[in-house]
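Under the numbering used here, the first residue of the sequence shown carries the number 81, and numbering increases by one thereafter.
See structure below.
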Amino acid sequence: MRYDFLAVLLVISLLLLLGCKEDLQQQQEGEKVIEPLPAPEPLEVHAAEQPEKEAEPEEEKPAEPFCGDGVCTPGMGENCERCVKDCACKSPAECYRAECKVPDCGSAGDCKDNDSCTVDECFFAQHPNAYCGHEQITNCKNNDKCCPPRCDANTDTDCEPVCGNHVCEPGETSSNCEKDCEQEPSPVCGDGNCDPGEDMSSCPDDCV
């Protein structure tokens, strides 16, 4: 009797177990497993596309100056002494102490100042450092077209008579230039001098 009861209980347990298993299987088949969607990838934000800039051409560096390139470059130490090829002086200039210099004169004829009272000279003629000089004439000399300040018509024929210079010059008399020419005294017969206005007839004592 006891064993029958246990057998029945075992059968009932098996049936219940089988029923639960079928229910669970049906439930699993009926339910849809929803898998989570993958997270969206972040959108890449691109800046507005701009055309690529064309590469700027490289500036050509000027060639370093050198003696013989046909260009005189004083800033690089070139001059008419160090680099004649590039810095030769143009005539009439001549190279003097590393500079192109035009002489002031080549002869005295280049130094005329149109002053008759100066002697024109060219010092260091035919030299780059030549220069003109003008020496003032001070001596009284006839026919040199100059009347120096201290000369007059009596000492230099190039001077014109000037009334009022305290010198009685040729052409001046007491009548036309009393300032320079004093009144001449009347001749005195018998003073031993044959003065102007006296002769053998008027004054035989003085004019023998």
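We put the beta carbon where it would ideally sit given N, CA and C, even for glycine.
Quiz item: Going by the CB atoms, is the gap between Pro-183 and His-214 shorter than 8 Å?
Solution: Not a contact, by the Cβ cut-off of 8 Å.
Exercise. For the stretch 142–149 and the stretch 162–171, state whether three or more C-beta atom pairs, one from each stretch, are separated by less than 8 Å.
Key: Counting Cβ pairs under 8 Å, three or more are found: they touch.
Quiz item: If you draw a straight line from the C-alpha of Asp-271 to the C-alpha of Cys-243, how long is it?
Solution: Going by the C-alpha atoms only, they are around 32 Å apart.
Quiz item: Going straight from the alpha carbon of Pro-276 to that of Asp-236, what length do you get?
Solution: One C-alpha to the other measures close to 26 Å.
Quiz item: Are three or more beta carbon pairs between the stretch 216–224 and the stretch 240–259 nearer than 8 Å?
Solution: Contact fails: fewer than three Cβ-Cβ distances are below 8 Å.
Quiz prompt | Coarse secondary structure for Val-242, derived from DSSP in three states | solution = Here Val-242 sits in coil by DSSP.
Practice problem: Measure from the C-beta of Glu-174 to each C-beta in chain B and report whether the shortest distance is under 8 Å. | Solution: The displayed structure is made up of one protein chain only, and chain B is not part of it.
Quiz item: Quick one, which of Gly-186, Lys-170 and Glu-161 has its alpha-carbon nearest Cys-202's?
Solution: Measuring from the Cα of Cys-202, the nearest candidate turns out to be Gly-186.
Self-check item: Own chain partners of Glu-278 with C-beta closer than 8 Å, once the 5 adjacent residues on each side are dropped
Solution: Pro-267, Cys-269, Asp-286 and Cys-287, listed in sequence order.
Quiz item: Where does Gly-293 fall in DSSP's three states?
Solution: Residue 293 cannot be examined here, being either before or after the span of the chain that is shown, 81 to 288.
Exercise. Give the secondary structure of Cys-191 by DSSP, where H, G and I count as helix, E and B as strand, and everything else as coil.
Key: In this structure, Cys-191 counts as helix in the three-state DSSP scheme.
Quiz item: CB Gln-216 to CB Cys-197, shorter than 8 Å?
Solution: The Cβ atoms of Gln-216 and Cys-197 sit closer than 8 Å to each other.
Quiz item: Who are the near neighbours of Cys-257 in its chain, counting only those whose CB is closer than 6 Å to its CB and skipping five residues on each side?
Solution: Closer than 6 Å at Cβ, skipping near neighbours: Cys-243.
Quiz prompt | Bridge partner(s) assigned by DSSP for Asp-200 | solution = For Asp-200, the pairing in a beta bridge is given by DSSP as His-214.
Self-check item: Residue(s) in a DSSP beta bridge with Lys-181
Solution: Paired residues: Glu-174.
Exercise. Quick one: give me the first and last residue of the alpha helix (DSSP H) that Lys-165 is part of.
Key: Element bounds for Lys-165: 164–167.
Quiz item: Just to confirm, are Cys-180 and Glu-161 a CB contact at a threshold of 8 Å?
Solution: No. Outside cutoff.
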